[in-house]
Amino acid sequence: MSNLSRYGTPITVEYCNKCVISNQRPSSSVEFQASTKDQKKTIVFSESGVCQPCEYSIEKEHVIDWSLRKEELHRLCDRFRSKKGYDVVVPGSGGKDSAYASHILKTEFGMNPLTVTWAPHLYTEIGWQNFQNWMHIGGLDNLLYTPNGKLHRILTREAFLNLLHPFQPFIIGQKLTGPKIAALMDIPLIFYGENQAEYGNNVSENFSPVMDKGFYIDDTEFTDLRIGGKLIRELIDEYSLDVREFAPYLPLTSSEARISDVEVHYLGYYLKWDSQECFYYATKHTGFMPNSSRTEGSYSKYSSIDDKIDPFHYYTTLIKFGIGRASYDAAQEIRNGKISREEGVNLVKLYDSEFPSKYFEDFLEYIGIDAGVFSSTVNSFRPDHLWLKSDSGWVLKNPIWQ
Amino acid sequence: MEGLRKVGSPQELATKYVTEGVDELFLFDSVASLYKREVMYGLIGGLTSSFMVPITVSGGIKNLAQAHKIFRAGADRVGVNTGAVTNPDLISQISDMYGSQALVLSLEVKRFRDGWRVYGDAGRNDLGFYLEEYLLRVPLERVGEILLTCVDTDGTLNGFPADLLASLRGINRSIIISGGISSGEEIASLATRNCLVKGVALGRALHENVVSVNSLKFYLQARGFEVRI
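First to last, the sequence lines map onto chains A and B. Under the working numbering, think of the first position of the first sequence as 155, with each following residue one higher. Under the working numbering, think of the first position of the second sequence as 159, with each following residue one higher.
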């Protein structure tokens with residue numbers, strides 16, 4: 155019998171000794187290659203039962219010389235700073251992290267950033283307001299790239315039904331928009347915020363300032379790339395689509411990337427990243443405001459608040475991996491010393507499994523399914539090693555609080 | 159009430175502010191209701207045995223038994239917010255037992271286009287009422303004071319919204335205001351606008367040394383306000 159689940163995650167659930175993340179946490183992957191049979195790489199735990207992000211947080215606090223890293227950033231900016239026009243692309247939504255990254259690059263490092271935004275599926279009121287404030291109060295230029303809504307709905311629906319990953323088409327665009335706009339406008343430097351390795355990818359990525367090019371460059375014949383678990387050529391046939399409509403979702407080819415020699419860096423490599431401090435910075439400098447109420451599935455009201463579909467991303471990670479929004483938020487706050495593990499465990503117990511009812515109707519309408527299809531699809535993706543059907547409904551077999 | 163920071167130990171900060179001359183300490187476990195955790199009686203006992211100034215404790219108080227334990231731990235007053243909605247009898251119960259002077263109604267309010275809404279759980283959950291509507295429901299004669307916190311400005315140092323005070327017209331209870339206040343000029347202006355404003359509660363402005371207790375008191379005294387020096 156295999157010791158891995160249908161998703162490639164370990165069938166024995168373990169939790170990090172320091173935070174609340176479990177060994178089910180998948181690493182970020184190249185989304186335009188994802189198929190229905192994918193086996194996920196997962197977060198690595200040390201022999202003493204501590205996850206790599208927690209170990210890295212100790213390095214962040216005690217080992218890394220952040221003044222040297224800052225000097226390195228100054229040198230990098232010196233190398234790319236232009237006398238005229240834009241010299242760096244900062245992809246983002248105008249949330250606290252991208253607001254911080256773009257504003258500090260402009261005001262402290264003398265860069266002239268062009269911020270680019272891959273539009274959310276359905277803007278929330280607060281998301282739109284923060285997006286507007288980013289430019290109007292933060293004083294930054296922005297390009298908003300909104301994909302064809304009809305196609306984006308089809309792809310989101312396919313990604314939900316085939317992968318239980320409705321956010322996949324958004325994530326594809328989110329990772330590609332920066333490099334593609336940079337290549338198009340001949341801006342050779344791109345800055346994302348924190349490195350995704352801080353949350354669960356292989357920790358060695360934290361020691362490199364640049365993003366793995368596999369996330370945005372691919373020379374595969376594009377009709378053989380996959381979105382929503384289907385080959386692009388299958389989607390073209392099934393929905394009578396024009397091949398050119400897929401332009402926003404296609405990675406750069408090596409030759410396109412080489413022309414402008416795009417470099418994609420993480421600001422979190424150079425500046426010590428702390429989401430709460432980004433929040434304070436953004437409220438002060440770019441007019442960022444938290445939501446008016448707690449985000450369903452968590453206890454916070456300031457992260458990932460711009461898209462009505464966003465709560466379903468975290469709900470589906472809860473179903474497939476047993477890790478919901480509160481787990482991600484609490485793990486990060488424990489690592490940054492904001493809350494204790496005991497508090498984090500309690501918050502996960504209280505909020506992680508909360509159903510996102512506020513935008514449920516919007517979500518169903520957006521992808522054109524009814525509540526019955528939603529429910530049967532969700533249940534078909536619950537792995538046996540995580541979920542048990544009891545008289546009171548589905549319950550986690552090994553929750554962190556037991 | 160978001161992006162919470164650890165600013166230090168309550169014991170050390172309380173010592174600092176008492177030495178500087180604060181009139182009263184508010185010990186507010188801002189996330190107790192959100193985290194659904196028990197009141198920290200041990201911490202309260204440690205503080206009340208150390209200081210002579212009155213101490214008001216709030217955060218996560220849901221029933222009379224908890225209030226009773228807080229008073230036994232030496233607190234002078236308790237503050238209730240979310241608990242007054244989840245347990246509508248709570249205000250009367252505490253007031254019957256300890257008197258209205260021992261009870262502070264803590265209100266977290268947030269601005270919307272059509273008015274101020276009352277919030278609980280550390281400014282995260284709408285409790286279902288507009289401020290004016292809520293003040294009519296609550297037995298105000300049973301509370302000693304109102305602690306009014308603006309969720310939008312709390313922790314920002316950007317100033318308390320003066321127009322919020324207009325919503326309290328007709329209320330005959332002393333009011334302590336909180337949320338974004340950071341200067342003597344602002345306090346003087348707010349207290350002049352509404353004679354029921356009897357005090358201000360400061361957090362970040364003191365924790366980050368934006369102002370000091372002494373400088374505020376001298377500033378206000380010089381402008382004719384009644385302050386204890």
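Every residue, glycine too, gets a C-beta built ideally from N, C-alpha and C.
Report task. Could you check the C-alpha separation between S370(B) and Y175(B) for me, to the nearest Å? Result -> 9 Å
Query raised in the report: In chain order, what residues of the same chain have a beta carbon less than 8 Å from the beta carbon of L348(B), not counting five sequence neighbours either side?
Result: F318, A320, L323, I335, I339, V355 and V358
Query - Bridge partner(s) assigned by DSSP for E266(B) - result: Y277(B) and T307(B)
Query raised in the report: Does any residue of chain A bring its CB to less than 9 Å from the CB of L265(B)?
Result: Put simply, the CB of L265(B) is far from chain A, with every gap to its CB atoms at 9 Å or more.
Query raised in the report: Three or more C-beta pairs closer than 8 Å, one from the stretch 242 to 261 of chain B and one from the stretch 386 to 406 of chain A: is that the case here?
Result: Using a Cβ-Cβ distance cut-off of 8 Å, the stretch 242 to 261 of chain B and the stretch 386 to 406 of chain A are not in contact, since fewer than three pairs of beta carbons, one from each stretch, lie closer than that value.
Requested in this report: Verify whether the separation of the beta carbon atoms of N500(A) and Q430(A) is less than 9 Å.
Outcome: no
Query raised in the report: Beta-carbon of G161(B) versus every beta-carbon of chain A: anything under 9 Å?
Result: yes
Query raised in the report: Mind pulling the chain B residues with CB within less than 7 Å of Y434(A)?
Result: G161
Query - Proximal residues, the stretch 493 to 516 of chain A versus chain B, C-beta separation under 7 Å - result: Under the 7 Å Cβ criterion, the stretch 493 to 516 of chain A contributes E497, N500, L501 and L504.
Report task. Find the nearest neighbour of V549(A) within the set I218(A), L472(A), Y482(A) and Y420(A), judged by alpha-carbon distance. Result -> Nearest of I218(A), L472(A), Y482(A) and Y420(A) to V549(A), Cα basis: L472(A).
**Report entry** Beta-carbon contacts of D461(A) that lie in its chain and below 6 Å, excluding the five residues immediately before and after
**Finding:** P274 and H275
Report task. Could you tell me whether the stretch 164 to 181 of chain B touches the stretch 247 to 257 of chain B, using the rule of 3 or more Cβ pairs below 8 Å? Result -> no
Query raised in the report: Does the pairing of the stretch 245 to 256 of chain A with the stretch 432 to 440 of chain A give three or more beta-carbon distances under 8 Å?
Result: Touching, per the Cβ criterion.
Query raised in the report: So what does T240(B) bridge to, in DSSP terms?
Result: Paired residues: none, contrary to the question.
Report task. Label E215(A) either buried or exposed according to how many other C-beta atoms from any shown protein chain fall within 10 Å of its C-beta, with 16 as the threshold for buried. Result -> exposed
Query raised in the report: Going along chain A in order, which residues have a C-beta closer than 7 Å to the C-beta of K194(B)?
Result: L504
Query - At least three beta-carbon pairs within less than 8 Å, the stretch 506 to 521 of chain A to the stretch 178 to 189 of chain B - result: no
Requested in this report: Leaving aside the five residues before and after Q224(B) along the sequence, list all residues of the same chain whose C-beta is less than 6 Å from its C-beta, in chain order.
Outcome: Contacts found: V197.
Report task. Name, please, each residue of chain A whose Cβ falls closer than 8 Å to the Cβ of R282(B). Result -> Here the neighbours are S447, R448, Y453 and K455.
Query raised in the report: Should Y161(A) and F475(A) be called a contact, given that it needs their Cβ atoms to be closer than 9 Å?
Result: yes
Requested in this report: Can you grab the Cα-Cα spacing for the pair E399(A) / T300(A), in whole Å?
Outcome: 13 Å
Query raised in the report: Is H228(A) buried or exposed, if buried means 16 or more other CB atoms sit within 10 Å of its CB?
Result: The residue in question, H228(A), is exposed, as its Cβ has fewer than 16 Cβ neighbours within 10 Å.
Query raised in the report: When burial is assigned at 16 or more other CB atoms within 10 Å of the CB, is I212(A) buried or exposed?
Result: Looking at its Cβ environment, which holds fewer than 16 other Cβ atoms inside 10 Å, I212(A) is exposed.
**Report entry** Where A233(B) falls, given that 16 or more other Cβ within 10 Å makes a residue buried
**Finding:** So A233(B) ends up on the buried side.
Query raised in the report: With 16 other CB atoms within 10 Å as the buried threshold, where does P212(B) fall?
Result: exposed
**Report entry** DSSP state of C173(A) mapped onto helix, strand, coil
**Finding:** Taken through DSSP and simplified to helix, strand or coil, C173(A) comes out as coil.
Query raised in the report: Between which two residues does the beta strand (DSSP E) containing H419(A) stretch?
Result: E417 to Y420
Query raised in the report: Opposite P267(A) in the DSSP bridges: which residues?
Result: V242(A)
**Report entry** Sequence-distant residues of the same chain with beta carbon closer than 6 Å to I488(A), five excluded per side
**Finding:** These residues qualify, in order along the chain: C173, R495 and G498.
Report task. State yes or no: is the C-beta of T271(A) within less than 9 Å of the C-beta of T331(A)? Result -> yes
Query raised in the report: Is C353(B) helix, strand or coil by DSSP?
Result: C353(B): coil per DSSP, three-state reduction.
Query raised in the report: Looking at the C-beta of S481(A), does it have a partner C-beta in chain B at a distance below 9 Å?
Result: For S481(A), the closest Cβ of chain B is not nearer than 9 Å.
**Report entry** Positions along the stretch 307 to 326 of chain B whose CB lies within less than 7 Å of some CB in chain A
**Finding:** T314
Query - Residues near R351(B) by beta carbon distance below 8 Å, same chain, minus five either side - result: A320 and L323
Query raised in the report: In this structure, what does DSSP give as the bridge partners for Y288(B)?
Result: DSSP output for Y288(B) lists R275(B) as bridge partner(s).
Query raised in the report: At a CB-CB cut-off below 7 Å, which residues of chain D make contact with Q286(A)?
Result: No chain D is part of this structure, whose protein chains are labelled A and B.
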